[in-house]
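Q: Residue 184 in the numbering used here sits at position 184 of the sequence shown, and the numbers go up by one each step. A virtual CB, placed ideally from N, CA and C, is assigned to each residue, including glycine.
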Amino acid sequence: MATPIFDEIKALREALHHHNRKYYVENAPEISDFEFDQMMQQLIDLEAAHPEYADENSPTMRVGSDKTSEFQNVKHRYPMLSLSNTYSIESLNEFIDRIDKEEGATEFVCELKFDGTAISLTYENGRLVRAVTRGDGESGDDVTANVRTIGSIPLTLTGDYPAEFEIRGEIFMPYASFDRLNAEREAAGEQLFANPRNAAAGTLKQQQSSIVAKRGLDCTLYQIASRELPFTSHWEALEAARSWGFKVSKHARICRSAEDIRQYIEYWDKARKELPFPTDGVVIKVNDFAKRRRLGFTSKSPRWAVAYKFKAEQALTRLVSVDFQVGRTGAITPVANLEPVLLAGTVVKRATLHNAEQIELLDIRIGDMVYVEKGGEIIPKITEVELSERKTDSAPFEYITHCPECGALLVRYEGEAKHYCPNQGGCRPQILGRIVHFIRRKALDIDGLGTETVELLHESGLLNNIADIYDLKAVDIAALPRLGERSADNIIRSINASKSVPFARLLFGLGIRFVGETTAKYLAAHFKSLDAVMAASKEQLLEAEEVGDKIADAIIEYFADEDNRTIVNRLRIAGLQFEEEAKELHSNCLEGKNIVISGKFLDHTRDELKELIELHGGKNQSGVSANTDFIVAGENMGPAKLQKAEKLGVKILSESDFISLIGGESQNNSTATIVVEKEEKQENNIVQGSLF
Ligand code: IVH
């Protein structure tokens with residue numbers, strides 16, 4: 001491949017990888033942003049002109065792609081365990097004493113516990129090949145495309161790295177990125193992330209890597225996993241990882257006594273408030289690998305490490321009064337008004353109280369001195385009452401019985417802690433909340449209509465529900481205060497554009513309780529049309545991915561309501577998308593075939609398999625019958641189905657058989673599941689026993 005062009009591309013890639021590392025990993029840039037951008041542009045142009053030299057680890061891949069991708073579930077080669085937690089120095093000392101007793105005087109490495117989401121990266125011959133989330137510890141989501149966009153994660157390595165290894169760490173969102181993201185979301189009327197941890201995890205699961213690229217994630221690495229490593233201690237491994245180009249925390253220290261460890265914790269409990277990223281504790285690990293091997297593991301966590309969790313910061317202040325907010329679903333949230341108090345650098349005036357049960361449980365009374373805590377969330381919460389300061393004349397809190405907005409009698413649903421206002425059609429915050437939700441970017445994306453305009457239109461009697469949006473006329477809008485003809489035209493234009501928003505987003509926009517963006521996508525993929533969702537029985541709803549009892553009941557309840565059905569009908573007449581777009585067939589190799597899917601699968605969800613059947617011209621059946629051609633069976637196939645299949649002599653295919661049948665390449669070899677599992681288990685034992 002050694003052509004002058006390729007040499008030039010290669011040189012540019014190497015230079016950009018180098019400068020990327022200087023900037024994101026070492027914090028010591030050698031060239032200006034302008035020079036970097038120029039070099040990048042040069043490479044982008046060359047790669048565009050020479051697609052034959054494409055490389056998924058090229059620095060140009062860091063900008064991500066707009067293509068949406070589904071995540072494959074991948075089994076971890078070495079399971080991702082978690083750590084046992086301690087919350088006090090006493091129990092930490094017990095941990096240290098136990099180790100000293102078993103292993104003699106022991107060296108520990110203390111590290112910060114980064115508050116993000118765990119990731120496992122696989123490198124082969126110095127190139128990033130896979131990034132997988134922790135998932136349930138056994139298997140996680142392949143998020144490689146997203147991870148490639150994170151600047152501090154090297155796409156290619158330098159130095160003397162092993163040919164193949166996994167390295168694990170934490171992907172987190174620095175406070176600066178978090179604040180910027182939430183400010184943007186607030187401006188767009190989108191729900192805010194409660195804390196940087198949720199924001200990091202949510203970002204990593206984005207289906208478009210170009211969005212991830214813009215969110216400013218960061219990553220620190222703290223553990224190498226490989227069959228063979230030339231190190232005898234964790235400290236050595238960390239140093240080596242740093243030399244290969246990984247970002248390894250510079251705050252780690254070797255501690256040789258319980259007192260050293262206590263001092264490290266004491267120092268960071270204060271100093272962490274100055275760090276630009278979130279931490280929630282300190283991790284204490286045995287340094288020596290031979291000792292680690294002897295100490296071994298419990299079923300969930302290593303016996304050679306423990307996490308000390310920092311206590312959340314607290315402040316004591318007086319509860320002045322309680323307000324009640326009514327959400328778009330009618331849910332009532334009590335909010336405490338407090339005497340302003342300084343907590344973790346900000347003045348706190350309000351705190352959430354969650355629901356009536358919590359108020360009762362803590363016996364919170366107006367006038368009480370209460371402890372407020374910020375547990376990594378933006379909104380502080382009340383955790384305890386200082387009973388010694390309670391006034392003698394205080395009375396138990398009486399929860400409201402009627403809606404503070406419309407006066408309706410509140411109700412409680414079985415199994416739910418919150419009270420609800422049932423007056424959906426006549427309660428202002430609910431009416432406005434539903435409309436504002438419907439026009440959100442992730443729903444119908446009617447960007448001309450902001451919250452304020454919705455309120456104005458509601459007040460002038462033009463907008464009482466989501467269907468009214470499609471009866472709005474430009475002249476009516478233009479007549480409103482602060483709105484002229486131009487904005488009226490814009491609004492009408494975006495209303496018209498919303499008629500072609502895909503069905504899944506319409507379903508999300510309806511605002512059915514518990515039907516979030518993801519559930520709406522699953523429902524749309526499963527049922528294909530709103531009519532099918534409306535006609536589905538509870539059992540049928542439960543068959544869709546991620547739909548449980550609570551969601552199924554909420555859907556049935558929504559469509560049982562006469563008013564909701566009228567609104568839905570009006571939306572249909574207005575011309576909104578009530579059906580999933582028909583997809584172009586990939587082949588007709590399954591034409592005329594009736595296929596049943598049963599059990600759990602390694603590489604695909606059931607709905608993905610269903611979609612594949614349809615994309616290849618086949619028909620998915622829910623039950624086995626005489627005209628079933630074959631069953632695609634995963635793990636734990638239903639016994640009734642198996643019996644029936646055997647009786648009728650229906651052929652059973654594994655997931656990989658099926659993928660081969662439609663001409664794809666299977667990721668797993670599910671016909672030989674048992675043999676493969678045995679081999680993998682053994683490998684895990686070797687690795688866990690000898691390396692960490
Ligand atoms: S070591 C065998 N080191 O905490 C487990 N974990 O509760 C090895 N975490 O899943 C983990 N900072 O996501 C380790 N310096 C650090 C960490 C850290 C954050 C997270 C990680 C892990 C969780 C365990």
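Going by DSSP in three states, residue 308 sits in which element: helix, strand or coil?
A: Reduced to three states, the DSSP call for residue 308 is strand.
Q: Taking the beta carbon of residue 345 as the centre, do at least 16 other beta carbons fall within 10 Å, making it buried, or is it exposed?
A: Flag for residue 345 reads exposed.
Q: Given a threshold of 16 other Cβ atoms within 10 Å of its Cβ, counted over all protein chains shown, does residue 129 qualify as buried or as exposed?
A: Exposed, because fewer than 16 other Cβ atoms sit within 10 Å of the Cβ of residue 129.
Q: Which residue wins for smallest C-alpha separation from residue 330, given the options 82, 237 and 433?
A: Closest option to residue 330, Cα to Cα, is 433.
Q: Starting from residue 381, follow its DSSP beta bridges and name the residues at the other end.
A: Bridge partners of residue 381: 352 and 373.
Q: What is the DSSP secondary structure of residue 57, reduced to helix, strand or coil?
A: Of the three classes helix, strand and coil, the one that applies to residue 57 here is coil, per DSSP.
Q: I want to check one thing, is the minimum distance from the CB of residue 500 to the heavy atoms of the ligand IVH below 6 Å?
A: Not so, every heavy atom of the ligand IVH lies at least 6 Å from the Cβ.
Q: Can you find a heavy atom of the ligand IVH that lies under 6 Å from the Cβ of residue 222?
A: Yes, Cβ of residue 222 sits closer than 6 Å to a heavy atom of the ligand IVH.
Q: Quick check on residue 286: does DSSP put it in helix, strand or coil?
A: Correct three-state label for residue 286: strand.
Q: By the 10 Å Cβ neighbour count, where 16 or more other Cβ atoms means buried, how is residue 689 classified, buried or exposed?
A: A caution first: residue 689 carries a pLDDT of 27, below 50, which makes its placement in the model too unreliable to give a value.
Q: Which stretch, first to last residue, makes up the alpha helix (DSSP H) that contains residue 660?
A: It spans 655-661 - the alpha helix (DSSP H) in which residue 660 sits, taken as one unbroken run.
Q: So is residue 368 buried or exposed if we call it buried at 16+ other beta carbons inside 10 Å?
A: It is buried - the Cβ of residue 368 has at least 16 other Cβ atoms within 10 Å.
Q: Assuming the contact rule is C-beta atoms closer than 8 Å, residue 501 and residue 445 should be a hit. Round their C-beta distance to whole Å, please.
A: Between residue 445 and residue 501 the Cβ distance is about 6 Å, and since that is below 8 Å, they are a contact.
Q: Starting from the N-terminal side, write out each stretch of the beta strand (DSSP E) that is 3 residues or longer and does not extend beyond the region 87-139.
A: Entirely contained in the region 87-139, the beta strand (DSSP E) runs reaching 3 residues are, in chain order, 108-114, 117-124 and 127-133.
Q: Could you check where the alpha helix (DSSP H) with residue 518 kicks off and where it finishes?
A: Taken as a continuous stretch (DSSP letters only), the alpha helix (DSSP H) holding residue 518 covers 517-527.
Q: Is the CB-CB distance between residue 114 and residue 279 below 7 Å?
A: Closer than 7 Å, so yes.
Q: If you reduce the DSSP assignment to three classes, tell me which class residue 16 lands in.
A: Helix at residue 16.
Q: Return the chain-ordered ranges of every alpha helix (DSSP H) run that is complete within the region 574-647 and spans a minimum of 4 residues.
A: If we require 4 residues or more, the alpha helix (DSSP H) runs fully inside the region 574-647 come out as 606-615.
Q: Taking the C-alpha atoms as reference points, what is the distance between residue 491 and residue 449?
A: If I take the Cα positions, the gap works out to 6 Å.
Q: Check residue 322 in the structure and name its three-state DSSP category.
A: If DSSP states are grouped into helix, strand and coil, residue 322 belongs with the strands.
Q: Go to residue 541, then tell me how far its alpha helix (DSSP H) extends in each direction, as first and last residue.
A: Unbroken alpha helix (DSSP H) run through residue 541: 538-542.
Q: What's the C-alpha gap between residue 335 and residue 504?
A: Going from the Cα of residue 335 to the Cα of residue 504 covers about 33 Å.
Q: From residue 88 to residue 308, what distance separates their C-alpha atoms?
A: Whole-angstrom Cα-Cα distance: 7 Å.
Q: Going along the chain, which residues of its own chain have a beta-carbon closer than 7 Å to the beta-carbon of residue 233, five neighbours each way excluded?
A: Answer for residue 233: 287, 288 and 289, listed in chain order.
Q: Does residue 526 pass the burial test, meaning 16 or more other C-beta atoms within 10 Å, or should it be called exposed?
A: Buried, by the Cβ-count rule.
Q: Pick out whichever of 621, 272 and 494 has its Cα sitting closest to the Cα of residue 540.
A: Measuring from the Cα of residue 540, the nearest candidate turns out to be 621.
Q: I'd like to confirm something about residue 82: is its beta-carbon nearer than 6 Å to some heavy atom of the ligand IVH, or not?
A: Under cutoff, so the answer is yes.
Q: Measure the CB-CB distance between residue 216 and residue 177 and report whether it falls below 7 Å.
A: Yes, these two residues count as a Cβ contact at 7 Å.
Q: With a cut-off of 7 Å, does the C-beta of residue 570 fall near any C-beta of chain C?
A: The chain inventory of the structure shown lacks chain C, comprising one protein chain alone.
Q: In the DSSP assignment, find the alpha helix (DSSP H) that holds residue 488 and state where it starts and stops.
A: Counting along the chain, the alpha helix (DSSP H) containing residue 488 begins and ends at 485-497.
Q: At the level of alpha carbons, what is the spacing between residue 523 and residue 513?
A: Near 14 Å, if we compare the C-alpha coordinates of residue 513 and residue 523.
Q: Is residue 601 near residue 655, with beta carbons less than 7 Å apart?
A: In this structure, residue 655 lies closer than 7 Å to residue 601 by Cβ.
Q: Taking 6 Å as the cut-off, is the beta-carbon of residue 241 closer than that to any non-hydrogen atom of the ligand IVH?
A: No; taking the cut-off as 6 Å, the Cβ of residue 241 has no heavy atom of the ligand IVH nearer than that.
Q: Is residue 141 helix, strand or coil by DSSP?
A: DSSP places residue 141 in strand when its eight states are reduced to three.
Q: Just the C-alpha distance for residue 606 and residue 370, rounded to the nearest angstrom, thanks.
A: Cα to Cα, the separation comes out at about 49 Å.
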